[in-house]
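These notes are about the structure you will find just below.
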Amino acid sequence: MLPILYSFRRCPYAMRARWALLQAGLMVHWREIELKAKPAAMLEASPKGTVPVLVLADGSVIDESLEIMLWALQQADPRGVLEAEDSAVLIEQNDGSLKHHLDRFKYTDRYPGASKEDHRLAGLVILRSWSERISRNGWLLTDRMALADAALWPFVRQWRLADAGGFDADPHLTPLREWLMRFLDDPMMQRLMQRADPWWPGGIEPIFPADAIAIPMDQPLFHLALESDWQDAVKRGDYRVSTRGLSLEQVGFIHLSWQEQVQATFDRFYADAGAVLTLRIDPKLVSAPLRADAIHTGVLFPHLYGPLPIASVVEVSPFSSLPAC
Ligand SMILES: N[C@@H](CCC(=O)N[C@@H](CS)C(=O)NCC(=O)O)C(=O)O
0 MLPILYSFRR CPYAMRARWA LLQAGLMVHW REIELKAKPA AMLEASPKGT VPVLVLADGS
60 VIDESLEIML WALQQADPRG VLEAEDSAVL IEQNDGSLKH HLDRFKYTDR YPGASKEDHR
120 LAGLVILRSW SERISRNGWL LTDRMALADA ALWPFVRQWR LADAGGFDAD PHLTPLREWL
180 MRFLDDPMMQ RLMQRADPWW PGGIEPIFPA DAIAIPMDQP LFHLALESDW QDAVKRGDYR
240 VSTRGLSLEQ VGFIHLSWQE QVQATFDRFY ADAGAVLTLR IDPKLVSAPL RADAIHTGVL
300 FPHLYGPLPI ASVVEVSPFS SLPAC
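If you count the sequence shown from 1, position 58 lands on 57 in numbering that gives the first Met the number 0, and the numbers rise without skipping.
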């Protein structure tokens with residue numbers, strides 16, 4: 000059974016939790032809620048009444064967004080987001096100081112006595128320090144995306160929504176703005192912000208991501224591989240190429256096909272590639288999450304969100320086109 004996620008579309012904490020679920024190739028039952036009318040089932044699972052809340056199949060509850068991110072990324076972290084170790088300080092600064100100033104800057108009338116300008120200036124000091132880090136490293140901590148990047152961007156997005164003119168015109172924020180756009184321009188963003196009507200007991204419960212389906216375990220999966228990539232993988236024990244010329248780390252998953260999709264994949268990407276192998280994969284022998292995601296045309300393709308163990312490849316044969324009828 001899939002876990003249940005209580006979520007609220009625009010909540011930055013829920014956004015970062017959904018981001019991690021998407022990254023890790025996971026699926027959940029999606030219960031969109033309204034903050035002014037929280038479902039009793041959610042409050043029973045987590046009386047503190049904040050989203051996101053994830054209820055696992057065994058009934059255990061994770062009701063902190065950061066913990067949901069870790070739960071997801073510990074199952075699959077194809078881009079190595081958890082590899083940088085020092086995300087905690089920045090996340091604490093975000094969830095503490097930046098959120099404090101953001102709330103008072105954005106919703107000043109809810110905080111009697113608060114000065115919008117003081118909170119704007121205090122928030123900007125933090126945002127500029129992050130911008131400076133990005134200009135030095137490429138990302139907040141290193142030259143690669145870390146948990147801090149993934150946990151902070153929804154809050155930076157909120158700040159920008161509160162003051163797009165000021166944010167976009169501030170030259171000190173240029174690196175931060177470009178960093179934010181890496182998240183917002185990612186095609187994944189549309190899936191992250193999919194809409195659903197609020198859930199009610201007995202009502203429809205869509206899957207998140209709404210355009211994904213689970214992969215049947217009784218049908219083989221296929222991957223076309225360059226012979227040299229496959230030989231490297233055999234030496235290493237796992238295969239980490241996403242598709243021709245792109246790694247698992249670059250793309251975030253390994254492209255697979257169902258049998259009837261293999262020929263078209265060959266024609267599109269491998270026709271001039273020389274020796275190409277067809278790997279036949281038993282989905283039951285794969286340990287990383289598998290999920291079928293819709294590509295831009297709406298067609299579903301199976302994807303593996305982690306390395307492909309050599310032992311899950313039950314047959315390797317030179318690719319040969321299906322005979323024409
Ligand atoms: N520390 C929590 C904070 C979550 C949080 O505050 N979520 C807000 C929505 S963005 C919420 O549910 N607030 C309750 C309310 O407004 O009633 C987490 O990281 O999950």
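Ideal placement from N, C-alpha and C gives every residue a C-beta, glycine not left out.
{"Item": "Sequence-distant residues of the same chain with beta carbon closer than 7 Å to ALA323, five excluded per side", "Value": "Its pLDDT being 48, under 50, ALA323 is placed unreliably in this model, and the value from its coordinates should be taken loosely. Nothing meets the Cβ criterion."}
{"Item": "Shell residues, 5 Å Cβ cut-off relative to heavy atoms of ligand 1", "Value": "CYS10, TYR12, LEU34, THR49, VAL50, GLU63 and SER64"}
{"Item": "For ALA209, the nearest candidate out of ILE67, HIS28 and LEU220 (CA to CA)", "Value": "HIS28"}
{"Item": "Burial state of ARG194, where buried means 16 or more other Cβ atoms lie within 10 Å", "Value": "exposed"}
{"Item": "First through last residue of the beta strand (DSSP E) which encompasses VAL313", "Value": "312-317"}
{"Item": "Cβ separation of ILE327 and PRO197, assumed to be a contact under 8 Å, to the nearest whole Å", "Value": "Since the displayed the chain opens at 0 and closes at 324, residue 327 lies outside it and no answer follows."}
{"Item": "Pair within 8 Å by beta-carbon distance, ARG156 and ALA211", "Value": "no"}
{"Item": "Endpoints, the alpha helix (DSSP H) within which THR329 is located", "Value": "The displayed coordinates of the chain run from 0 to 324. Any statement about residue 329 would go beyond what the structure contains."}
{"Item": "At least three beta-carbon pairs within less than 8 Å, the region 103-121 to the region 145-165", "Value": "yes"}
{"Item": "DSSP state of LEU69 mapped onto helix, strand, coil", "Value": "helix"}
{"Item": "Counterpart residues of GLY195 in DSSP-defined beta bridges", "Value": "The amino acid occupying residue 195 in the given sequence is Ala; Gly does not appear at that position. In DSSP, ALA195 forms no bridge with anything."}
{"Item": "Whether LEU220 touches TRP257 by CB criterion (8 Å)", "Value": "yes"}
{"Item": "Start-end ranges of the alpha helix (DSSP H) lying completely within the region 220-261, minimum 4 residues", "Value": "226-235 and 247-250"}
{"Item": "Closest Cα partner of VAL312 within the set TYR304, LEU72, LEU276 and ASP185", "Value": "LEU276"}
{"Item": "GLY24 versus ILE133 - alpha carbon distance", "Value": "27 Å"}
{"Item": "CB of ALA150 within 8 Å of CB of LEU140, strictly", "Value": "no"}
{"Item": "Nearest-angstrom beta carbon gap, ASP167 and ARG181 [assumed within contact, 8 Å]", "Value": "With a Cβ gap of about 16 Å, ARG181 and ASP167 do not count as contacting."}
{"Item": "Minimum C-alpha distance to HIS100 - residue among LEU81, LEU120, GLY112 and GLU84", "Value": "LEU120"}
{"Item": "The region 243-253 contacting the region 46-59, beta-carbon criterion three pairs below 8 Å", "Value": "no"}
{"Item": "Secondary structure of ARG109, DSSP reduced to three states", "Value": "helix"}
{"Item": "Among ALA36, TRP178 and HIS171, the one whose alpha carbon lies nearest that of PHE154", "Value": "TRP178"}
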